[in-house]
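Quick notes on the structure that follows.
In the UniProt record's numbering, the protein residues as written are 1 to 525.
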């Protein structure tokens, strides 16, 4: 589900006589080709005021794109549109993207050249009316505010098609941030999200700390999706530690700067313009999330490049290791396990596809939620395990999880419920993905598993349905750390002797088995 329901993805404000038949028409076509639902008013004759239909179209859009051209300020209609757009930005968090088409942004910001002439006419023609002069002051303030928002300057690009491609890419990225897959079923906001929302009002740098599966990343994505529209430059950097290990810390650093500065980053940029980058970021209002950082040196490198952010900027860091945050944040927030009512909602979404239990399953659901111990990942996995099951199954399974004298069962035991419900082949696929294919392309993994006799297409679908894996937007198979650890534990428990286990991953184990010739036919990979 989307975070909010709007009729349009984008509202386009433009001066018809400047750009209707060229730039704006090409831009609208490119947006449509990318399946972006945009509202554009091609009326040749405008009234004196923005009518209710057009005002509603602005409010019914997730974003507004304002094309500032040479004669934009000569249209009172355009200036009133801009006022409505900025009101929606202020009160509803609407994203605004300014595009400066063949015009210097400073002319818009400070009303120079053609903008100065337009306002000289307004000052002269409307001098008889105080209310109209007040409106002129509002227009000037709106132009200054809009021109200070990070946007696109067409003069920096070779031709219109190049800047249009960049604008479409930017719009798609911002839309994807509004509709993150991880939030599609999460209709409840738990107390952790409420707490951090309050902290963001006054605390510039916040560390979110907690165990695997507790919901750190989901909280960070909720905060990002809710607040990013109010900032000039934003970046959500996922899996920082994992990418640093796989791709190197320089790649991660450059990715961070590329998203914040909206340009390709080279080695000379970082070394030669280090101080300039810091000054530029300090002047901007930025929102940054560094997700899953568990290495202090990695965080040191990133913070060194960012420098001291401005007073209105915000930085969120999520980690499993509290020590990583030492000296890097103003406050560390320890994620709490979920309250009963929030846990029951999330569990019900998975088990019943609605936010409350079916009639007759209330007691079963409360018992299951207690087993999950308020851990969101366990709630999701357990809810999927009980989906469409009969009461007898619930009773039998819950009896297995509930140990007398233990109020909070081992989370691994809860997570293993879905694994135990798999067929032999599905279990083998789950273990193979955990050991060898996490983060790999779904189609490639499917072909490899099919070559070994698995029905991989349906198997992967089943694993996804049971929340044992997820498929990312770029078709990569992902698995939560807690579930991957479960797979490692399952294989480790096969035999004490490493040489008899079905799979090996740890470098020391592999060297021991190969170096001492301990292996046998049981080892699959």
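Note that the Cβ used here is the ideal one computed from N, Cα and C, for glycine as well.
In this text the structure is predicted, and so the values were computed from the model without any measurement.
Output needed for residue i: all residues of its chain with C-beta closer than 7 Å, excluding positions within five of it in sequence on either side, in chain order.
i: residue 437; result: 445 and 477
i: residue 108; result: 68, 100, 115, 143 and 147
i: residue 307; result: 278, 281 and 282
i: residue 532; result: Within the shown structure, residues of the chain are numbered from 1 to 525, placing residue 532 beyond reach of any answer.
i: residue 105; result: 147 and 153
i: residue 425; result: 454 and 459
i: residue 103; result: 68, 69 and 70
i: residue 412; result: 486 and 489
i: residue 19; result: 67, 69 and 101
i: residue 416; result: 486
For residue i, which residues does DSSP report across the bridge?
i: residue 237; result: 290
i: residue 153; result: 100
i: residue 478; result: 470
i: residue 63; result: 10 and 95
i: residue 205; result: 315
i: residue 441; result: 476
i: residue 435; result: In DSSP, residue 435 forms no bridge with anything.
i: residue 68; result: 100
i: residue 544; result: Only positions 1 to 525 of the chain appear in this structure, which leaves residue 544 out of reach.
i: residue 40; result: 12
Taking 8 Å as the threshold (C-beta atoms), are residue j and residue i in contact?
i: residue 434; j: residue 387; result: no
i: residue 60; j: residue 8; result: yes
i: residue 333; j: residue 214; result: no
i: residue 526; j: residue 27; result: Limits of the chain in this structure are 1 at one end and 525 at the other, which puts residue 526 out of reach.
i: residue 418; j: residue 442; result: no
i: residue 466; j: residue 384; result: yes
i: residue 111; j: residue 64; result: no
i: residue 113; j: residue 336; result: no
i: residue 171; j: residue 36; result: yes
i: residue 431; j: residue 490; result: yes
i: residue 483; j: residue 468; result: yes
i: residue 75; j: residue 15; result: yes
i: residue 62; j: residue 133; result: no
i: residue 193; j: residue 222; result: yes
i: residue 381; j: residue 298; result: no
i: residue 204; j: residue 314; result: yes
i: residue 429; j: residue 398; result: no
i: residue 532; j: residue 23; result: Outside the modelled stretch of the chain, which goes from 1 to 525, sits residue 532, for which no answer is possible.
i: residue 330; j: residue 284; result: no
i: residue 560; j: residue 261; result: Only positions 1 to 525 of the chain appear in this structure, which leaves residue 560 out of reach.
i: residue 317; j: residue 328; result: yes
i: residue 57; j: residue 39; result: yes
i: residue 32; j: residue 209; result: no
i: residue 295; j: residue 244; result: yes
Give me, in chain order, the residues of the same chain whose beta-carbon lies closer than 6 Å to that of residue i; leave out the 5 immediate sequence neighbours on both sides.
i: residue 48; result: Bear in mind that a pLDDT of 44 at residue 48, under 50, signals an unreliable position, so the number given afterwards is only what the model happens to contain. Closer than 6 Å at the Cβ level, and outside the excluded window around residue 48, lies no residue.
i: residue 236; result: 224 and 289
i: residue 139; result: 79
i: residue 234; result: 228 and 287
i: residue 369; result: 343, 344 and 347
i: residue 481; result: 212
i: residue 487; result: 431 and 434
i: residue 89; result: 96
i: residue 150; result: 232 and 233
i: residue 310; result: 282
i: residue 534; result: Since the first residue of the chain shown is 1 and the last is 525, residue 534 is not available in this structure.
Compute every distance between the C-beta of residue i and the non-hydrogen atoms of the ligand SAH, then say whether any falls below 7 Å.
i: residue 244; result: As far as ligands go, the structure on display features none, and thus does not contain the ligand SAH.
Please list, in chain order, all residues of the same chain as residue i whose beta carbon is under 8 Å from its beta carbon, the five residues on each side excluded.
i: residue 427; result: 419
i: residue 440; result: 476 and 477
i: residue 136; result: 119, 122, 123 and 126
i: residue 395; result: 364
Does the region 323-340 come into contact with the region 356-363, if we say contact requires no fewer than three beta-carbon pairs (one atom in each stretch) closer than 8 Å? The way I'd put it, the region 323-340 doesn't touch the region 356-363; fewer than three beta-carbon pairs between them come closer than 8 Å.
Would you be able to state if there are at least three C-beta pairs under 8 Å between the region 339-350 and the region 366-378? They touch, by the three-pair rule.
Within 8 Å, do at least three Cβ pairs link the region 208-222 to the region 286-306? Judged by Cβ distances under 8 Å, the region 286-306 makes contact with the region 208-222, as three or more pairs qualify.
Would you call the region 196-205 and the region 83-92 touching, i.e. three or more CB-CB distances under 8 Å? no
Taking 8 Å as the cut-off, does the region 146-157 touch the region 89-105 (at least 3 CB pairs, one atom from each stretch)? Yes, they touch.
Can you list the alpha helix (DSSP H) stretches of 4 or more residues lying completely in the region 353-389, in chain order? 362-372 and 376-386
May I have a chain-ordered list of the alpha helix (DSSP H) segments no shorter than 4 residues that lie completely inside the region 285-334? 296-306
Only counting runs of 4 or more residues, tell me where the alpha helix (DSSP H) segments fall wholly within the region 113-182, in order along the chain. 114-125, 130-147 and 160-178
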